[in-house]
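What follows is one structure encoded as structure tokens, with my remarks underneath.
2 protein chains.
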Amino acid sequence: MKLSRFLQNIVPFPADELEDIVSYFERETVYKNVPLVKGGQVCSKLYLVEEGVGRSYYLKEDGKEITQWFFVEGQFMSSIESFFQQNPSLYYLEMLEDSVLYSITRENLDLLFARYHNMEKLGRLLSTEMLTRVVNKLNAIQFQTARERYDYMLNEYPNIVNRVPLGNIASYLGMTQETLSRIRKTESRNKS
Amino acid sequence: MKLSRFLQNIVPFPADELEDIVSYFERETVYKNVPLVKGGQVCSKLYLVEEGVGRSYYLKEDGKEITQWFFVEGQFMSSIESFFQQNPSLYYLEMLEDSVLYSITRENLDLLFARYHNMEKLGRLLSTEMLTRVVNKLNAIQFQTARERYDYMLNEYPNIVNRVPLGNIASYLGMTQETLSRIRKTESRNKS
DNA sequence: TGTATTATTTGATCTAGGTCAAAAGAAACT
DNA sequence: AGTTTCTTTTGACCTAGATCAAATAATACA
Numbered sequence: 016m017k018l019s020r021f022l023q024n025i026v027p028f029p030a031d032e033l034e035d036i037v038s039y040f041e042r043e044t045v046y047k048n049v050p051l052v053k054g055g056q057v058c059s060k061l062y063l064v065e066e067g068v069g070r071s072y073y074l075k076e077d078g079k080e081i082t083q084w085f086f087v088e089g090q091f092m093s094s095i096e097s098f099f100q101q102n103p104s105l106y107y108l109e110m111l112e113d114s115v116l117y118s119i120t121r122e123n124l125d126l127l128f129a130r131y132h133n134m135e136k137l138g139r140l141l142s143t144e145m146l147t148r149v150v151n152k153l154n155a156i157q158f159q160t161a162r163e164r165y166d167y168m169l170n171e172y173p174n175i176v177n178r179v180p181l182g183n184i185a186s187y188l189g190m191t192q193e194t195l196s197r198i199r200k201t202e203s204r205n206k207s
Numbered sequence: 016m017k018l019s020r021f022l023q024n025i026v027p028f029p030a031d032e033l034e035d036i037v038s039y040f041e042r043e044t045v046y047k048n049v050p051l052v053k054g055g056q057v058c059s060k061l062y063l064v065e066e067g068v069g070r071s072y073y074l075k076e077d078g079k080e081i082t083q084w085f086f087v088e089g090q091f092m093s094s095i096e097s098f099f100q101q102n103p104s105l106y107y108l109e110m111l112e113d114s115v116l117y118s119i120t121r122e123n124l125d126l127l128f129a130r131y132h133n134m135e136k137l138g139r140l141l142s143t144e145m146l147t148r149v150v151n152k153l154n155a156i157q158f159q160t161a162r163e164r165y166d167y168m169l170n171e172y173p174n175i176v177n178r179v180p181l182g183n184i185a186s187y188l189g190m191t192q193e194t195l196s197r198i199r200k201t202e203s204r205n206k207s
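In order, the protein sequence lines correspond to chains A and E.
For the working numbering, count along the first sequence from 1 and bump the result up by 15.
For the working numbering, count along the second sequence from 1 and bump the result up by 15.
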């Protein structure tokens, strides 16, 4: 989706504002499994996924990767707290397919927030939307069984499931690969 | 804390804006255990706690209450998704002590967002802050043991622990009362 | 101050899902 | 096409924390 169209779907920017705003974004091609941000670095950019799937993940002491979030077409992608508070990121960021992203730096984004009331509004809407998603995930993790969590995911992200490794999904849902594999086995039986 | 001082700590409003903004808030005294919002209702107001502790909780099918969030002095309190998306709330909202709150309706808040760029900014900053807190809790719930979660809470909310019933804290942390009680027992042993 | 009510602790089980280890299947590389 | 590497599945066993039930302890209330 074109960047300007995407932004305009959220807030109805006047043409001149939109043109200026878009000029601060860069279009980047990013390859599979190449980290955009590593744990410990400050995440300096906010990305918008035009094409591809990405994820953020956390590296446990024992070296295991825990997927924290997936990002698909049309979603903003970043190590949120690091980007907004400008502190070292706990998370790695990478794409799981060769992808096309738009990016903007924190400085430029702040500049646009200050320059356009509409842009500030966009920022507010996006963070409340993100907030809702995180709250939903928290509820899923805190209150539901492993099987229910997987069903929830099938609903929320039906397409992701076939595009990313099972291990990533399992850790995203707070369970082991083995458990997810077993769930899948019986799940398909239930549906047939 | 005075409302105007609280707002000004976040964004430096000019005096005239601030005066107008504050005029849209109401000051309310609310008593212990009286629901501000019930599950199923749309949450029409955003509250700021001047004095007291509140919580949001969710009622499971079996009638058990699960505390979702605590709100202390200086924090905004609401059933967030319900307030922002104007859909029926999954959560109940109540104070755990007789309290003093400031409140503003969704309509008035929207009006202020539209009227003042600074106000929009305040909204954005508050939601990113909230977002960070939810992400932190999600990490705690997803990755940590019951004991670690309790320690985390002691750090983040040292004062809440002595002000609210143990059962509320346990469900907030995603464990049973019994487990929390057992943790407390050995915890105090560790610290002595 | 004694009684009822609610909150917390303690004990005895039970279970969902984790861990460890190895086999089977897919992809990627020569 | 054959070997190496990575991913997914399967099996056997184990543990953190849940559940159920009952005993204390603390609060409210008459």
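Don't be surprised by glycine CBs; every beta carbon is placed ideally from N, CA and C.
Pairwise C-alpha distance: residue j and residue i
| i | j | result |
| --- | --- | --- |
| LYS206/A | GLN192/A | Per-residue confidence for LYS206/A stands at a pLDDT of 39, beneath the threshold of 50, marking its modelled position as unreliable; the derived number appears in the next sentence. Each residue's Cα considered, the two are about 21 Å apart. |
| ASP113/E | TYR46/E | 4 Å |
| PHE98/E | SER59/E | 6 Å |
| GLN101/A | ILE95/A | 9 Å |
| VAL179/E | THR82/E | 11 Å |
| VAL138/A | ARG139/E | Inspection of the sequence shows that residue 138/A is occupied by Gly rather than by Val. Using only the alpha carbons, I get a separation of about 6 Å. |
| THR120/A | LEU108/E | 38 Å |
| ARG204/E | GLU65/E | Confidence at ARG204/E is low in this model, with a pLDDT of 41, below 50, so its placement is unreliable and no value can be given for it. |
| LEU70/E | GLU41/A | In the sequence as displayed, the identity of residue 70/E is Arg instead of Leu. Each residue's Cα considered, the two are about 43 Å apart. |
| TYR106/A | THR147/A | 20 Å |
| PHE86/A | ASP31/E | 42 Å |
| GLU34/A | TYR72/A | 34 Å |
| PRO173/E | PRO27/A | 44 Å |
Per-residue contacts from residue i into chain A (C-beta, under 9 Å)
| i | result |
| --- | --- |
| PHE158/E | TYR73, LYS75, ILE81 and GLY189 |
Interface residues of chain E facing residue i [CB-CB closer than 8 Å]
| i | result |
| --- | --- |
| LEU153/A | VAL149, LYS152, LEU153 and ILE156 |
| THR120/A | Result: empty, since nearest Cβ-Cβ is about 17 Å, beyond 8 Å. |
Interface partners of residue i on chain A, CB under 7 Å
| i | result |
| --- | --- |
| GLY138/E | ARG139 |
| GLU135/E | HIS132, GLU135, LYS136 and ARG139 |
Three-state class that DSSP yields for residue i in the structure shown
| i | result |
| --- | --- |
| LEU111/A | coil |
| PHE128/A | helix |
| GLY189/E | coil |
| SER104/E | coil |
| PHE86/A | strand |
| GLU65/E | strand |
| PHE91/E | strand |
| GLU32/A | helix |
| GLU41/A | strand |
| VAL26/A | coil |
| SER71/E | strand |
Residue i classed as buried or exposed, judged by whether at least 16 other C-beta atoms fall within 10 angstroms
| i | result |
| --- | --- |
| ASN24/E | exposed |
| LEU111/A | buried |
| ASN183/E | buried |
| ARG164/E | buried |
| THR44/A | exposed |
| ASN133/A | buried |
Presumed contact (8 Å Cβ cut-off) between residue i and residue j, rounded CB distance
| i | j | result |
| --- | --- | --- |
| LEU124/E | LEU61/E | 6 Å |
| GLN56/E | SER104/E | 6 Å |
| VAL115/E | GLY78/E | Rounded, the Cβ-Cβ distance is 31 Å, inconsistent with contact. |
| LEU18/A | TYR117/A | 5 Å |
| SER142/A | SER142/E | 4 Å |
| LEU127/E | ILE36/E | 6 Å |
Listed by chain order, chain E residues near residue i by CB distance under 9 Å
| i | result |
| --- | --- |
| MET214/A | In the structure as shown, chain A starts at 16 and stops at 207, and residue 214/A therefore has no counterpart that could be examined. |
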